[in-house]
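Asker: Each residue of the sequence shown is one higher than the last, beginning at 3 in my numbering.
Backbone N, C-alpha and C define an ideal beta-carbon position, used for all residues, glycine too.
Structure incoming, see below.
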Amino acid sequence: MVRGTLEVLLVGAKGLENTDFLNNMDPYAVIICRTQEQKSSVSTGKGSEPDWNETFVFSTSEDATELIIKLMDSDVDSDDFVGEACISLEPVYMEGHIPPTVYNVVKDGEYKGEIKVGLTFTPEWIGTLRHLSLGLSIGSSKIILVTILTTWQLGEISR
3 MVRGTLEVLL VGAKGLENTD FLNNMDPYAV IICRTQEQKS SVSTGKGSEP DWNETFVFST
63 SEDATELIIK LMDSDVDSDD FVGEACISLE PVYMEGHIPP TVYNVVKDGE YKGEIKVGLT
123 FTPEWIGTLR HLSLGLSIGS SKIILVTILT TWQLGEISR
């Protein structure tokens, strides 16, 4: 199991269904990675086309298979659920970086707009480092060769 840091860039959303009948909506996002949850700022004045450009960092491992982004509309009484995007994390574990990409926002199986999100996964490399240094002389030139032998331990893989 590879552990590491998942960085989520929440860029913005478009075409969200307005849940406020008389006013523009004030959306925010709740980003969930397994048991960790973070909340974006409330985007005011942009209605169904919010811009956030906020970054969120999660400690994670490959057993976290998806990222859920719930979009909410901030209201005085109670906040309204707009919809959610479920993003598979397998591509970012394989590639390390997924540039900002558009994902569908759905509610009860129906399209409610789209959200743009970028992802970066940085593995946590834990290990021991051993080295061997070797110096050579060839004629009047001195060459120094350094060989680094490393035993990497990813997450909890035992040696």
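Among T37, E39, L18 and R36, which has the Cα closest to the Cα of P29?
Answerer: Closest by alpha carbon: L18.
Asker: Suppose only complete runs of 4+ residues qualify. What are the alpha helix (DSSP H) ranges in the segment 22 to 100, listed by chain order?
Answerer: Correct list: 92 to 97.
Asker: On the premise that K118 lies in contact with V104, defined as a C-beta separation below 8 Å, what is that separation, rounded to the nearest angstrom?
Answerer: Going by Cβ atoms, the distance from V104 to K118 rounds to 5 Å, so yes, they are a contact pair.
Asker: To which residues does DSSP link L121 through a beta bridge?
Answerer: Paired residue(s): V10 and I100.
Asker: Taking buried to mean at least 16 other C-beta atoms within 10 Å of its own C-beta, is M96 buried or exposed?
Answerer: When all chains shown are included, M96 counts as exposed.
Asker: Quick one, which of E64, E68 and K41 has its alpha-carbon nearest N55's?
Answerer: Among E64, E68 and K41, the Cα nearest to that of N55 is on K41.
Asker: Determine the DSSP secondary structure at G115, reduced to helix, strand or coil.
Answerer: Note: G115 maps to strand in three-state DSSP.
Asker: Suppose you measure from the CA of F23 to the CA of T57; what does that come to, to the nearest Å?
Answerer: Each residue's Cα considered, the two are about 31 Å apart.
Asker: With a cut-off of 8 Å on the beta carbons, I'd call A15 and G115 a contact; round off their distance for me.
Answerer: Right, the Cβ-Cβ distance comes to about 6 Å (below 8 Å), so this counts as a contact.
Asker: Run the CB neighbour count on E92, radius 10 Å, all protein chains shown included, and call it buried at 16 or more, exposed below.
Answerer: E92 should be labelled exposed.
Asker: Excluding sequence positions up to five away, which residues of its chain have a Cβ less than 6 Å from the Cβ of N20?
Answerer: Contacts found: M27 and S50.
Asker: Going by C-alpha to C-alpha distance, which of D75, E126 and V10 sits closest to G47?
Answerer: The option with the nearest alpha carbon to G47 is D75.
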